[in-house]
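Heads up: the sequence shown runs through residues 3 to 89, numbered per this note's numbering. Yeah, the Cβ is synthetic: ideal placement off N, Cα and C, and Gly gets one too. All of these numbers come straight from a predicted model, not from anything done at the bench. To keep things clear, I will list the structure first and then write my remarks on it.
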Amino acid sequence: MKWLLAIALIWFAWHYLRPAPKRATLTDTQRAHRVLGLRAGADESEIRAAHRRLLAEAHPDRGGSAAASTEINAARDLLLGALRRGG
3 MKWLLAIALI WFAWHYLRPA PKRATLTDTQ RAHRVLGLRA GADESEIRAA HRRLLAEAHP
63 DRGGSAAAST EINAARDLLL GALRRGG
């Protein structure tokens, strides 16, 4: 019977006490626009074009840094995700 209580407590802790997934804040979106050099309200084609242009310069295989390419990819993913969700 104690094991059942232990399982219930573990499930409760896992289910109710885990942090909620982080939603993109306005500053995250603004920063992504700044990273890609875009205006607010850019459409999908503008986001993809800016991503391609910047990644051509920043890709590690072309002498750029891995950190810069990771930041560019994250900015693209955040902005495209926001467009798909309608935000």
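Self-check item: For L57 and I74, believed in contact at Cβ under 8 Å, the rounded distance
Solution: With 8 Å as the limit, I74 and L57 qualify as a contact, their Cβ atoms being about 6 Å apart.
Quiz item: Do three or more CB pairs link the region 31-39 to the region 65-81 at distances below 8 Å?
Solution: yes
Quiz item: Between K4 and P21, what straight-line distance do the alpha-carbon atoms span, to the nearest angstrom?
Solution: 27 Å
Practice problem: For L38, count neighbouring Cβ atoms within 10 angstroms of its own Cβ and tell me buried if that reaches 16, exposed if not. | Solution: Label assigned to L38: buried.
Exercise. Could you check the C-alpha separation between R41 and P62 for me, to the nearest Å?
Key: 26 Å
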